[in-house]
Amino acid sequence: MRMKGKVALVTGAAGGMGAATARLFAREGAKAVVVADILDKDGEAVAADIRKAGGTADYMHLDVTDETQWKSAIDRTVATHGSLDVLVNNAGISGSAEQDLYDTAAWNRLMGINATGVFLGMKYGIAAMKKGGAGGSVINLSSISGIVGQGYIHVGYNASKGAVRLITKAAAAQHGKDRIRVNSVHPGLMPPMRTSGRTADPEMRAKTLKGVPLGRAGEVDEVAYAILFLASDESSYVTGAEIVVDGGWTAV
Ligand SMILES: NC(=O)c1ccc[n+]([C@@H]2O[C@H](COP(=O)([O-])OP(=O)(O)OC[C@H]3O[C@@H](n4cnc5c(N)ncnc54)[C@H](O)[C@@H]3O)[C@@H](O)[C@H]2O)c1
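Numbers given in this note's numbering equal positions in the sequence shown, counted from 1, plus 292.
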């Protein structure tokens with residue numbers, strides 16, 4: 293029961309790695325898991341599944357670009373469940389469907405959801421953890437695209453994920469004194485995102501895999517387990533760190 297007693301909020305948890313993380317937290321005995329997303333039907337279904345399996349979960353509509361919604365989601369979480377111990381800033385969109393890798397509207401969209409969304413989550417989540425006085429753990433989803441560049445992804449995706457990597461380290465430096473740990477997770481080739489374009493193409497995926505030492509794509513639970521480690525007290529001396537979950541892609 294690695295999440296015993298902890299209240300966690302996971303953004304973008306209606307599917308993909310967010311849903312896998314929410315389910316894993318519940319299986320590991322979380323006191324409550326808040327499943328947050330903009331896809332209400334899918335998000336409600338994830339929360340209902342968790343409850344059916346004996347966990348405690350509720351769904352909240354949360355557009356991570358909306359500061360008012362962030363404030364209310366965090367307030368409601370603390371009011372309903374008593375605290376916020378773990379925040380997973382996972383919501384994001386892909387940059388691999390854009391034809392023009394310098395499209396300005398796409399840049400603004402990518403930075404808005406992937407970078408500003410994480411900034412707002414940290415702003416309200418960390419404030420609640422500080423107020424609670426019991427510390428906490430924030431896990432931000434970056435990507436290998438926050439460490440190295442790719443030839444086929446909008447530059448805004450790399451910029452947004454690079455921003456996530458560094459604001460993670462800044463927040464770790466600022467909030468160690470509050471016993472709030474802040475770390476980033478960097479997945480490699482995973483099941484395609486809802487918004488993926490070229491990275492969902494089987495031919496491109498096969499080509500990419502040639503550069504991945506483990507020779508296969510990752511599975512959502514393999515990322516969720518890295519997030520679980522950072523959320524649990526097992527990582528009590530880990531902050532400002534980045535965990536790469538990429539089958540060795542960035543090692544070669
Ligand atoms: N799949 C990959 O290959 C991969 C690789 C590296 C990093 N990542 C990152 O991991 C995270 C999860 O990706 P995934 O593969 O599960 O993708 P996904 O598309 O399956 O899930 C993303 C979720 O975010 C939600 N979302 C999008 N915009 C939102 C908004 N404004 N407010 C709230 N929720 C919003 C979506 O509705 C969706 O449920 C993302 O940050 C992504 O950039 C993914």
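Glycine included, every Cβ here is placed at the ideal spot set by N, Cα and C.
The structure displayed is predicted, hence computed values, not measured ones.
Exercise for the section: Assess, as a yes-or-no matter, whether the stretch 311 to 329 is touched by the stretch 391 to 400 under the definition of 3 or more beta carbon pairs within less than 8 Å. Expected result: no
Exercise for the section: Determine the closest residue to ARG486 out of TRP362, ALA383, THR500 and VAL356, with distance taken between C-alpha atoms. Expected result: ALA383
Practice task
Look up GLY428 in the DSSP assignment and say whether it is helix, strand or coil.
Solution key: GLY428 falls in the strand class under three-state DSSP.
Exercise for the section: Evaluate the contact criterion for the stretch 340 to 350 versus the stretch 437 to 451: three or more CB pairs, one atom per stretch, below 8 Å. Expected result: As far as the Cβ criterion goes, the stretch 340 to 350 does not touch the stretch 437 to 451, which means the pair count is below three.
Handout entry: Contiguous alpha helix (DSSP H) assignments of at least 4 residues, all confined to the stretch 467 to 535
Key = 494 to 501 and 512 to 523
Practice task
Look up LYS298 in the DSSP assignment and say whether it is helix, strand or coil.
Solution key: coil
Exercise for the section: Give the straight-line distance between the Cα atoms of ALA543 and GLY503, rounded to the nearest whole angstrom. Expected result: In this structure, the CA atom of ALA543 is about 10 Å from the CA atom of GLY503.
Practice task
Answer yes or no: the CB of VAL356 versus the heavy atoms of ligand 1, is any distance below 7 Å?
Solution key: Yes, since a heavy atom of ligand 1 falls inside the 7 Å radius drawn around the Cβ of VAL356.
Handout entry: Residue span of the beta strand (DSSP E) that contains LEU379, given as start and end
Key = 378 to 381
Handout entry: Start and end residues, beta strand (DSSP E) containing VAL326
Key = 324 to 329
Handout entry: Status (buried if at least 16 other CB within 10 Å, exposed otherwise) for VAL477
Key = buried
Practice task
For GLY503, verify whether its CB is less than 7 Å away from any heavy atom of ligand 1.
Solution key: no
Handout entry: C-alpha gap between GLY374 and GLY443, whole angstroms
Key = 46 Å
Practice task
Return yes when the C-beta of ASN400 is under 7 Å from any heavy atom of ligand 1, and no when it is not.
Solution key: Incorrect: ASN400 has no Cβ contact closer than 7 Å to ligand 1.
Practice task
Please find out if some non-hydrogen atom of ligand 1 comes closer than 7 Å to the beta-carbon of ARG486.
Solution key: yes
Exercise for the section: Could you tell me which residues DSSP pairs with VAL410 in its beta bridges? Expected result: Per DSSP, none; premise fails for VAL410.
Practice task
Closer than 8 Å by C-beta to LYS363: which residues in its own chain qualify, once you throw out the five before and the five after it? Chain order, please.
Solution key: TYR416
Problem - Stretch pair the stretch 464 to 479 + the stretch 421 to 436: three plus CB contacts closer than 8 Å - result: Contact holds: three or more Cβ-Cβ distances are below 8 Å.
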